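No gaps in the numbering here: position 291 of the sequence shown is 272 in our numbering, and each next residue is one more.
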Amino acid sequence: MKISEVLTLAKENYIIFNEWVEGEDQAYNLQMLGYKLFQPQNIITRGNVNCWIHEGIIKENGLVKNQSLDHYSTVMQLAGILIQMGFENVGVNHSDDVDVSAELHGETYGFEYEHPDSHNKTEIIGKKQRGLLKFKHPQELGAYERAVTAFLNAQLIPITRQFVQSIITDIKERGINARLLMLKCDGSVVGITDALKKPIETIFSGPAASLVGASYLSGLGTCAVIDVGGTSTDISSICMGVPDLSEEGAVVGGWKTRVKAIRMETTATGGDSHIWIMNKGLFLGPRQVVPLAVAAVQYTGFLSNLKRTPTPVREDLCENIQPTKFFVRSGYPAGELSKAEADVLEVIGDEPISVPEITTLIRKDCHSQTLDSLIKKRLVQAIGFTPTDALHVLGEYTAWNEEASRIGAERLSRLMRMTSVEFSTAVKKRVARNMALHLLSYILTGVPETAIAKILDGNYPAKFKLDIPVVLLGGPVRAHRKELENFVEAEILVPEHAEVGNAVGALVGRGIKRVEILIRPASLISPDKDFLVFTPGSRLRFDAYVEALETATEIGKKLVEDYMKDCGLSGNQVEISVEKKTISPDGWNHPPMETSLLVMGVGMRGLPT
-18 MKISEVLTLA KENYIIFNEW VEGEDQAYNL QMLGYKLFQP QNIITRGNVN
32 CWIHEGIIKE NGLVKNQSLD HYSTVMQLAG ILIQMGFENV GVNHSDDVDV
82 SAELHGETYG FEYEHPDSHN KTEIIGKKQR GLLKFKHPQE LGAYERAVTA
132 FLNAQLIPIT RQFVQSIITD IKERGINARL LMLKCDGSVV GITDALKKPI
182 ETIFSGPAAS LVGASYLSGL GTCAVIDVGG TSTDISSICM GVPDLSEEGA
232 VVGGWKTRVK AIRMETTATG GDSHIWIMNK GLFLGPRQVV PLAVAAVQYT
282 GFLSNLKRTP TPVREDLCEN IQPTKFFVRS GYPAGELSKA EADVLEVIGD
332 EPISVPEITT LIRKDCHSQT LDSLIKKRLV QAIGFTPTDA LHVLGEYTAW
382 NEEASRIGAE RLSRLMRMTS VEFSTAVKKR VARNMALHLL SYILTGVPET
432 AIAKILDGNY PAKFKLDIPV VLLGGPVRAH RKELENFVEA EILVPEHAEV
482 GNAVGALVGR GIKRVEILIR PASLISPDKD FLVFTPGSRL RFDAYVEALE
532 TATEIGKKLV EDYMKDCGLS GNQVEISVEK KTISPDGWNH PPMETSLLVM
582 GVGMRGLPT
């Protein structure tokens, strides 16, 4: 980050944000120079920020250069972000037409910050027309998202360094001398040095690994992938060996970033999703629980407890009050609790306990909201009937205790007036239906999910048909293949070793590098000579267009090759392609007005046989 350039501009305008101050000595010097610490409301960071403002520019009425303190500080922070993003000649104007001017790739941009209620549409259009060559809101260029990304990345760096260092130490102790790589959330691998600089790019590497693994195991370069896990099901796709990427980038905890990540549809349906009954309706998820079959193996007295637990009255049934729902202490330390939470948590121990038992021990009703709160605080782990239990009842997946699953199905099926087999079949069908719904929602971009659901659930003489194969990953996915085919007509594959597709993807992850280069004439007055080439990190100038194009292509290929070498790939392991797009108006008899080069390298390492 160009902190020195940011500080220079900040000092010229007498306002400096805390994150631009390096050390306590500099803060002390600011105080000595007449700066005071303020906390204005700021639109970019969505909250109060700390900044230093020189007393001399604040008027008696509280305005700064005829602007409010909030407005002035927002404009200054925007200018700082633009500098850190790589904009050049950034200036703060505070004029009527534009607050910040900046240059990028030879073009001038003007930024005007206005409160949404302060101007009507006509006034904004007028400002745009009176502004500079280009007028763009900072959100359009991703200024806010990039700032969020930088913050999240900084938070992840120490965690990632500690994680990577522990791995390096462990493999050295085992006598392993190997190149260490990490998978990025776009499905490509990256050298450990780059990964430590930008750990934000590895946040969704798990789903990306599953996508790459599914492609490798199935032998398909183009396919959709349904990865069924314990808590969720992820849907993604790959085309000619390159993962389909999201235009918006990864979203972390609701925060949009500009990090390239695979386009993915996630549904809260997994092998451990809770199956519960209310008002004679069957509900699937969204919460995760420990399957009854697993709990019966982990806890010796659980099976007998399951058998003797009474069935609640129908009026009391809800997600937490079920004849198959139990609770056990998670082991996390408890923080601040309400009286009701403390009473319930006190009687929940290391062995599963039902709601009727909790009620008896605390000598009062145990409310579902209290259990909800304890689960959200991760103080309590729930146990219940799941799709995994349904497969145990049907004999299609029997890795754990079948008797516990059968007892659970019998108790829930009575509430639905079904047999245990009918009930388990209905659960299995619901899982397949959810898989089909989200697969189609992913593929049919822009089609409302409600419309897709209406067709899936309706009795129509029609069926969805897919032109690309679908690969299933996950432990028990073979059991869902036939039901999924009833909803969607497609080539549905379950490759060998589908249960470890994620691990395989991490091993065979490709090196994928995209380099974008732009070529433009320096002046439209003389478009036949003097061309500018904008590459990542540099701007070059050439007399002839042919020379500019050849050099840009060579630079792009060199950047790709260097990246691949860092990933341990070279020679015939790497394929490089160059895509050229040009823009010229009708009747233009000169070299293209704009040439965009996309140099893409795909590297693939082979696995030993």
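The beta carbon of each residue, even a glycine, is placed where N, CA and C say it ideally should be.
If you're wondering where the values come from, they're calculated on a predicted model, not measured in any experiment.
Three-state secondary structure (DSSP) of residue i
i: Tyr90; result: strand
i: Arg295; result: helix
i: Gly276; result: The amino acid at residue 276 is misidentified as Gly; the sequence shows Ala. In this structure, Ala276 counts as helix in the three-state DSSP scheme.
i: Ile(-3); result: strand
i: Ile506; result: coil
i: Lys325; result: Note that residue 325 corresponds to Val in the displayed sequence, not to Lys. Of the three classes helix, strand and coil, the one that applies to Val325 here is helix, per DSSP.
i: Met259; result: strand
i: His571; result: coil
i: Ser519; result: strand
i: Ile157; result: coil
i: Ala60; result: helix
i: Glu470; result: strand
i: Glu332; result: coil
i: Phe366; result: coil
i: Glu104; result: In this predicted model, Glu104 has a pLDDT of only 43, less than 50, meaning its place in the structure is not dependable; the value taken from the coordinates is given anyway. Helix at Glu104.
i: Leu122; result: Note that Leu122 has pLDDT 42, beneath the 50 cutoff, so the model's placement of it is unreliable and the number below is only indicative. If DSSP states are grouped into helix, strand and coil, Leu122 belongs with coil.
i: Ala380; result: coil
i: Lys494; result: strand
i: Val452; result: strand
i: Val(-13); result: helix
i: Lys109; result: With a pLDDT of 42 at Lys109, under the threshold of 50, the modelled position of that residue is not reliable, and the figure given next carries that caveat. Lys109: helix per DSSP, three-state reduction.
i: Ala83; result: strand
i: Thr576; result: strand
i: Ile38; result: helix
i: Phe116; result: Note on Phe116: pLDDT 37, under 50, position unreliable in the model; no value is reported.
i: Ser191; result: helix
i: Gly584; result: strand
i: Leu201; result: coil
Spatially closest choice to residue i from the options, by CA coordinates
i: Pro272; options: Gln362, Pro517, Ile536, Thr431; result: Gln362
i: Gly187; options: Asn483, Ser213, Gly582; result: Asn483
i: Glu182; options: Asp167, Met581, Met399, Ile219; result: Asp167
i: Arg359; options: Gln269, Ile557, Lys17, Ala60; result: Gln269
i: Tyr280; options: Ile149, Ala471, Glu332; result: Glu332
i: Val514; options: Cys220, Ala533, Arg289; result: Ala533
i: Met592; options: Val294, Ala276, Ala(-9); result: As shown, the chain starts at -18 and ends at 590. That puts residue 592 outside it, with no answer to give.
i: Ala487; options: Cys347, Ala195, Leu578; result: Ala195
i: Pro476; options: Val336, Val485, Arg244; result: Val485
i: Met397; options: Lys446, Lys320, Trp257, Pro442; result: Trp257
i: Gly266; options: Thr248, Glu556, Gln20; result: Thr248
i: Ile140; options: Met163, Lys165, Gly156, Leu177; result: Leu177
i: His373; options: Gln20, Gly252, Tyr197; result: Gly252
i: Thr394; options: Gly91, Thr426, Lys261; result: One point to set straight first is that residue 394 is Ser, not Thr, in the sequence displayed. Among Gly91, Thr426, Lys261, the Cα nearest to that of Ser394 belongs to Lys261.
Residue range of the beta strand (DSSP E) that includes residue i
i: Phe185; result: Looking at the DSSP string, Phe185 is not in any beta strand (DSSP E), and its letter there is neither H nor E.
i: Met163; result: 162 to 164
i: Asn70; result: 69 to 73
i: Ile557; result: 555 to 564
i: Gly427; result: No beta strand (DSSP E) holds Gly427; DSSP gives it neither H nor E.
i: Ile207; result: 204 to 209
i: Met309; result: Here residue 309 is Val; the residue named in the question, Met, does not match the sequence. Unbroken beta strand (DSSP E) run through Val309: 307 to 310.
Continuous alpha helix (DSSP H) stretch holding residue i: start and end
i: Glu246; result: Counting along the chain, Glu246 falls outside any alpha helix (DSSP H), though it belongs to the beta strand (DSSP E) covering 246 to 248.
i: Gly482; result: 482 to 489
i: Gln269; result: First-last for Gln269: 262 to 269, but that is the beta strand (DSSP E), not the alpha helix (DSSP H).
i: His419; result: 401 to 424
i: Ser218; result: Counting along the chain, Ser218 falls outside any alpha helix (DSSP H), though it belongs to the beta strand (DSSP E) covering 214 to 220.
i: Leu18; result: First-last for Leu18: 16 to 19, but that is the beta strand (DSSP E), not the alpha helix (DSSP H).
i: Asp167; result: Where Asp167 is concerned, there is no enclosing alpha helix (DSSP H), given that its DSSP letter is neither H nor E.
i: Ile536; result: 526 to 547
i: Arg344; result: Element bounds for Arg344: n/a, residue is neither H nor E.
i: Arg289; result: 283 to 289
Distance between beta carbons of residue j and residue i, contact taken as under 8 Å
i: Asn415; j: Thr250; result: 4 Å
i: Val593; j: Val223; result: Not covered by the structure: residue 593. The range shown for the chain is -18 to 590.
i: Ile38; j: Glu(-14); result: Incorrect: roughly 21 Å between the Cβ atoms, too far for contact.
i: Glu300; j: Ser349; result: 7 Å
i: Val643; j: Ala479; result: Here the chain has residues from -18 to 590 only, and residue 643 is not among them.
Near the ligand SAM: residue i beta-carbon under 8 Å from a heavy atom
i: Asp547; result: The model on display carries no ligand, and the ligand SAM is accordingly not part of it.
_Check whether the region 172 to 192 and the region 461 to 470 are in contact - that is, three or more C-beta pairs closer than 8 Å._
no
*Decide yes or no for the touch test of the region 208 to 223 against the region 373 to 385: beta carbon pairs closer than 8 Å, at least 3 of them.*
The region 208 to 223 vs the region 373 to 385: no contact.
*Are the region 439 to 451 and the region 199 to 207 touching, with three or more C-beta to C-beta distances below 8 Å?*
With a cut-off of 8 Å, the region 199 to 207 and the region 439 to 451 count as touching, because enough Cβ pairs lie within range.
*Do three or more CB pairs link the region 404 to 413 to the region 299 to 318 at distances below 8 Å?*
The region 404 to 413 vs the region 299 to 318: no contact.
*Does the region 142 to 159 come close enough to the region 519 to 533 that 3 or more CB-CB pairs lie under 8 Å?*
no
*asked:* I want to know whether the region 388 to 398 touches the region 282 to 292 - three or more CB-CB distances under 8 Å.
replied: yes
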